[in-house]
Structures are given as C-alpha cells and as structure tokens.
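**Q** With my numbering applied, the sequence shown closes on residue 216, and no number is skipped along the way.
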Amino acid sequence: MASPLISGSKIIGASPQTLSILTNKAVIAVDQDSLGKQGTMVSSSGGLDVLAKPLAYGDVSVVLFNETNSTATITTSASAVGKTGASSYTLNNLWTGATSTTTGTINASVPAHGTVMYRVAGGTSTGTTTGPVHATGSGKCLDVAGISQTNGTQTQIWDCNGGTNQQWNLNSNGTITGVQSGLCLDVTGASTAGGALVELWDCNGGSNQQWRLG
Numbered sequence: 003m004a005s006p007l008i009s010g011s012k013i014i015g016a017s018p019q020t021l022s023i024l025t026n027k028a029v030i031a032v033d034q035d036s037l038g039k040q041g042t043m044v045s046s047s048g049g050l051d052v053l054a055k056p057l058a059y060g061d062v063s064v065v066l067f068n069e070t071n072s073t074a075t076i077t078t079s080a081s082a083v084g085k086t087g088a089s090s091y092t093l094n095n096l097w098t099g100a101t102s103t104t105t106g107t108i109n110a111s112v113p114a115h116g117t118v119m120y121r122v123a124g125g126t127s128t129g130t131t132t133g134p135v136h137a138t139g140s141g142k143c144l145d146v147a148g149i150s151q152t153n154g155t156q157t158q159i160w161d162c163n164g165g166t167n168q169q170w171n172l173n174s175n176g177t178i179t180g181v182q183s184g185l186c187l188d189v190t191g192a193s194t195a196g197g198a199l200v201e202l203w204d205c206n207g208g209s210n211q212q213w214r215l216g
C-alpha cells in the first residue's frame, strides 16, 4: 500500500482488464499519498486479512484480502482502522468506483485470492492502527506472556489466537501500546545493545519506547 510501482507483466499486448488494474488512479493515489504512511495489518485469521493505511486529510485506505480458495466475507470496523467521531462513514470501493455508507461496519464478500479496497472518509482519524504484530519468519504473533498487565513483563512470539494480549496500537506518536494492558513496548533499561529485551512498561515518552516501521 506504499511501495514503488513495478509491473512484472508485458504492458504491450496486455488485456484491457490488466491495463485497467495497473492504471487505476484511485489505487495509485493511495500508494503515492503525501502522508507517506505504510499500511499495517489490522487483523489476520484463517487466510482472511485486513490492512489499513492512514491517508492525508484524514481518510483511511482499507484492504480486505482473501488468501483462501473460496469466496469469504471479511469484516472489520471504522474504529479498528483508526476512524472515529462520526455517525456514518463513506466507503469508496477503489476497484469498482461504487460508493456506500456505514455506521461503522466495513465488510465485503471477497472472491478467492481476491481483494476489496476501500477509501474510508468521515469522522476523524485517530492516527492509531490496531491489530496483531506478525513475525514474518515464523508467522507467529507478538504476545504478552500470561496475559500480564504488569511493568517488566517480557514480550514473546506465540501462535496467533486473537487474544487481546496479542493486539497492539501503533500510535501516531511512535509508541506501541498493548490493547489489553495499555502499557508501552519498552527496551529494558533504555539499552542500545544487541540482544536487549523488550518488555511492557508505563508509557513515559522515553526514546526507548519510540518505534517506526521500515
């Protein structure tokens, strides 16, 4: 949702459908949005993924991605993707151009190995994206051991199970807070050494609690 645009296909002779996908101005605008934020995973379960990307001027782009071999309904909410403060939100389907409204639920029937991509407008953007943090190598989730809410609890990776101790807020101020605990991810002792542990701690504005993607 925010990367160089490179085509691996031969443009000359491409079908009209392929060209319409590659030249979709609404989708390209999300990729090249001036806010410069990366898309992040909001939820992932059973091959059904939700990603969100904050956009300039308060909109949020949402992608519903179906990795499975059959059509599935994928559901999320305005609050989960970082939108609040409105009685209704406008959903612009970036592939079809269709526009609809919702009081908060964002969903679609998504074909096998397909995507639905929305631009969500209305309300305010919290600057916060909520969801699990996945380890690319193992596929496991960042997890708080024992569902603890205590300062000094070390984080770990664990099989993803949808628990609140595996849900994290990626905040606009650079902190990452646990949904269940409200505590910040913290480098123990403000260490800068390789192998330093990462734990939960009261948010205090320290540089050892600041994180960035990329």
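Just so it is clear, CB atoms sit at the ideal spot from N, CA and C, and this is done for glycine as well. Note that the structure is predicted; figures quoted are calculated from it, not measured.
(1) For Asn175, count neighbouring C-beta atoms within 10 Å of its own C-beta (all shown protein chains included) and say buried if the count is 16 or more, exposed if not.
(2) Roughly how many angstroms separate the alpha carbons of Gln156 and Ile8, rounded to a whole number?
(3) Where does Asp51 sit, in a helix, a strand or coil, going by DSSP?
(4) Leaving out the 5 sequence neighbours to the left and right, which residues in its chain are closer than 6 Å to Leu211 when beta-carbon positions are compared?
(5) Output yes or no for whether 8 Å exceeds the beta carbon distance between Thr78 and Thr92.
(6) Give me the Cα-Cα distance between Asp161 and Cys143, rounded to the nearest whole angstrom.
(7) Is the number of C-beta pairs between the stretch 48 to 58 and the stretch 13 to 30 that are closer than 8 Å three or more?
(8) Buried or exposed: which applies to Val134, given that a residue is buried once 16 or more other Cβ atoms fall within 10 Å of its Cβ?
(9) Output the distance between the C-alpha atoms of Gln182 and Leu202, rounded to the nearest integer angstrom.
(10) Residue range of the alpha helix (DSSP H) that Gln19 falls in?
(11) Let me check one thing: in DSSP terms, what residues is Asn68 bridge-paired to?
**A** Put simply:
(1) exposed
(2) 40 Å
(3) strand
(4) First, the amino acid is wrong: residue 211 is Gln here, not Leu. Closer than 6 Å at Cβ, skipping near neighbours: Thr177, Cys186 and Asp188.
(5) Result no, Cβ atoms of Thr78 and Thr92 do not sit closer than 8 Å.
(6) 6 Å
(7) no
(8) For the record, residue 134 in the displayed sequence is Pro; it is not Val. Its Cβ being crowded by 16 or more others within 10 Å, Pro134 is buried.
(9) 11 Å
(10) Membership of Gln19 in the alpha helix (DSSP H) is indicated by the continuous run Pro18 to Leu24.
(11) Leu50
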